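Trainee: Provided herewith is a single structure, encoded as structure tokens, for subsequent inquiry.
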Amino acid sequence: LRVCVCVSELKEAQRREQQRRERLRQEEEISNNTLIWNHEILPHWDTMKSSRRTRDLWWGGLPPSVRGRVWSVAIGNELNITAELYEIFLCRAKERWRSVGQSDVFDDSPGRSSLELITRDIARTFPSLCVFQKGGPYHDLLQSILGAYTCYRPDVGYVQGMSSMAAMLVLNMDEVEAFISYSNLINRPCQLAFFRVDHQQMLRYFRCFQVFFEDSLPRLFLHFQSSGVTSDLYLMDWILSLYLKPLPLDVACRLWDVFFRDGEEFLFRTALGILRMHQDELLHLDLISIAQFLSRLPDEEHLSDRLFSCIPATPMLSGNRKWSQVSHLTDRPIAVQEGNRNKADFVFSRLRF
Ligand SMILES: *[C@@H]1O[C@H](CO)[C@@H](O)[C@H](O)[C@H]1NC(C)=O
Ligand SMILES: *[C@@H]1O[C@H](CO)[C@@H](O)[C@H](O)[C@H]1NC(C)=O
Numbered sequence: 001l002r003v004c005v006c007v008s009e010l011k012e013a014q015r016r017e018q019q020r021r022e023r024l025r026q027e028e029e030i031s032n033n034t035l036i037w038n039h040e041i042l043p044h045w046d047t048m049k050s051s052r053r054t055r056d057l058w059w060g061g062l063p064p065s066v067r068g069r070v071w072s073v074a075i076g077n078e079l080n081i082t083a084e085l086y087e088i089f090l091c092r093a094k095e096r097w098r099s100v101g102q103s104d105v106f107d108d109s110p111g112r113s114s115l116e117l118i119t120r121d122i123a124r125t126f127p128s129l130c131v132f133q134k135g136g137p138y139h140d141l142l143q144s145i146l147g148a149y150t151c152y153r154p155d156v157g158y159v160q161g162m163s164s165m166a167a168m169l170v171l172n173m174d175e176v177e178a179f180i181s182y183s184n185l186i187n188r189p190c191q192l193a194f195f196r197v198d199h200q201q202m203l204r205y206f207r208c209f210q211v212f213f214e215d216s217l218p219r220l221f222l223h224f225q226s227s228g229v230t231s232d233l234y235l236m237d238w239i240l241s242l243y244l245k246p247l248p249l250d251v252a253c254r255l256w257d258v259f260f261r262d263g264e265e266f267l268f269r270t271a272l273g274i275l276r277m278h279q280d281e282l283l284h285l286d287l288i289s290i291a292q293f294l295s296r297l298p299d300e301e302h303l304s305d306r307l308f309s310c311i312p313a314t315p316m317l318s319g320n321r322k323w324s325q326v327s328h329l330t331d332r333p334i335a336v337q338e339g340n341r342n343k344a345d346f347v348f349s350r351l352r353f
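Heads up: the sequence shown is residues 1 to 353, going by full-length UniProt numbering.
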């Protein structure tokens, strides 16, 4: 017995030593990469951003200390938003909130309803981090960014789920930078289509996704079809939340890294990666179980590594056509046939925010 104990103790000690070495190696790699990003890539962004070496490093995940800067330059500022502009819209938002506070409870102005939505959503934003809730260090900051945006873009306003997106930026950047990135991010065609519930455009994305889904995972595609699982059922949440809803924060962070490298195509490629990863389970589930399963994916050890090995296994090619080419082909008005009408109505009856 004594020998046994010694052997198992020895094994345990060896295992721990190995883990310690692996952790040290990872830390060293992160600090090596941080130097490369800070000294070689970021100062020469325009020439370096598309190089093979940069893209490879990027795929492996950004070091946390440079993440915010890389996201910010990768998102860019097409809208030319300045710090002054942010201040102006923030002041407007604060004025509006003050007047909401003074008016009576039966007031149903847009200012009031968006403030209520924002307040409710902030309370539910990454509750486990305890930084965005009332009294937390980032509460006011997050509220400011969301409020200023509703004044800047009243045509988009506040849509449920935007809060976690902004929070993710707040965790990695300063206030003005976060507002700039947030506004420019929402202004991307795919995000704008989903946040404004632009049916035509959303259907175009769903249809394009279906083409690649059928090509890369034909068995699962058929199973979903025969079970009545339409792609909007899971893609809506995945795209709207940029994967913050179905996946743990650290995995979502790594997905965001590559999303900012590759653009909207990567969001749909990720969806195929997730479906591939869980294909064996999904093939045995029915409509309701599939919907539940995909709305919050199982957390597991090394989830991020597993997912990132499933994504490249799913090339976005249909025949020889790439995402942008197929997306262009599906870019025509939809002729809603009688048979499809009910389905389309069903899809959009679920889109209530
Ligand atoms: C980090 O950089 C040093 C010096 O260039 C190198 O010797 C070392 O192997 C690197 N470590 C890792 C984990 O990449
Ligand atoms: C931003 O500035 C650039 C260069 O000055 C200009 O070409 C572009 O039209 C501006 N965009 C917007 C949305 O104002």
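The beta carbon of each residue, even a glycine, is placed where N, CA and C say it ideally should be.
Fair warning: this is a prediction, and the values are worked out from it, not measured in the lab.
Cutting at 7 angstroms between CB atoms, please list the residues of its own chain near D317, excluding the five before and the five after it.
Mentor: The residue asked about is misnamed: residue 317 is Leu in this sequence, not Asp. For L317, same chain residues with a beta-carbon under 7 angstroms away, outside a window of 5 residues either side, do not exist.
Trainee: Return the first residue and the last residue of the alpha helix (DSSP H) that S224 is part of.
Mentor: According to the sequence displayed, residue 224 carries Phe and not Ser. Element bounds for F224: 218 to 227.
Trainee: Using only the alpha-carbon positions, how far apart do Q14 and S31 sit?
Mentor: 26 angstroms
Trainee: Starting from Y152, trace the alpha helix (DSSP H) both ways and give me its first and last residue.
Mentor: 139 to 152
Trainee: Excluding the five sequence neighbours on either side, which residues of its own chain have a C-beta within less than 7 angstroms of the C-beta of Q167, listed in chain order?
Mentor: Correcting the residue identity first, residue 167 is Ala in this sequence and not Gln. Correct list, in chain order: T125, F126, F132, L142.
Trainee: In this structure, does DSSP put V7 in helix, strand or coil?
Mentor: helix
Trainee: Does N320 pass the burial test, meaning 16 or more other C-beta atoms within 10 Å, or should it be called exposed?
Mentor: exposed
Trainee: Whether or not the region 213 to 225 and the region 275 to 291 are in contact is what I'm after, with contact meaning three or more pairs of Cβ atoms, one per stretch, closer than 8 angstroms; do they touch?
Mentor: yes
Trainee: Is the beta carbon of D257 sitting closer than 7 angstroms to the one on G76?
Mentor: no
Trainee: Does the beta-carbon of E22, which I'm using as the reference point, lie nearer than 6 angstroms to any heavy atom of ligand 1?
Mentor: Closer than 6 angstroms to some heavy atom of ligand 1: that does not describe the Cβ of E22.
Trainee: Express the C-alpha separation of T230 and A291 in angstroms, rounding to a whole number.
Mentor: 10 angstroms
Trainee: Can you determine whether any heavy atom of ligand 2 sits closer than 6 angstroms to the C-beta of N80, and answer yes or no?
Mentor: yes
Trainee: Whose C-alpha, out of Y205, N184, R269, is nearest the C-alpha of Y86?
Mentor: N184
Trainee: Use the C-beta contact count for R16: other C-beta atoms within 10 angstroms, 16 or more gives buried, fewer gives exposed.
Mentor: exposed
Trainee: With respect to the alpha helix (DSSP H) encompassing A193, which residues constitute its N-terminal and C-terminal limits?
Mentor: 189 to 195
Trainee: Taking S164 as part of the alpha helix (DSSP H), name the residues at either end of that continuous run.
Mentor: Start and end: 162 to 170.
Trainee: Please confirm if the region 78 to 85 is in contact with the region 48 to 56, defined as three or more CB-CB distances below 8 angstroms between the two stretches.
Mentor: no
Trainee: Which word fits Q191, buried or exposed, when buried means at least 16 other C-beta atoms lie within 10 angstroms of its C-beta?
Mentor: buried
Trainee: Less than 6 angstroms between the CB of N32 and some heavy atom of ligand 1, yes or no?
Mentor: yes
Trainee: Can you list, in chain order, the residues of its chain whose CB lies under 6 angstroms from that of V73, leaving out five sequence neighbours each side?
Mentor: W45
Trainee: Quick one: what does DSSP say R321 is sitting in, helix, strand or coil?
Mentor: Three-state DSSP puts R321 in a strand.
Trainee: On the CB-based measure, 16 or more other CB atoms within 10 Å of its CB, does R296 come out buried or exposed?
Mentor: By the 10 Å Cβ count, R296 comes out exposed.
Trainee: Relative to the C-alpha of F209, which candidate in K322, V100, E12, W58 has its C-alpha closest?
Mentor: K322
Trainee: Of the choices E175, R204, G68, whose alpha-carbon is the least far from that of Q325?
Mentor: R204
Trainee: Just the Cα atoms here: how many angstroms apart are V251 and L303?
Mentor: 7 angstroms
Trainee: Leaving out five residues on either side along the sequence, give the residues of the same chain with a beta carbon under 7 angstroms from the beta carbon of R98.
Mentor: none
Trainee: Helix, strand or coil: how does DSSP classify S50 here?
Mentor: coil
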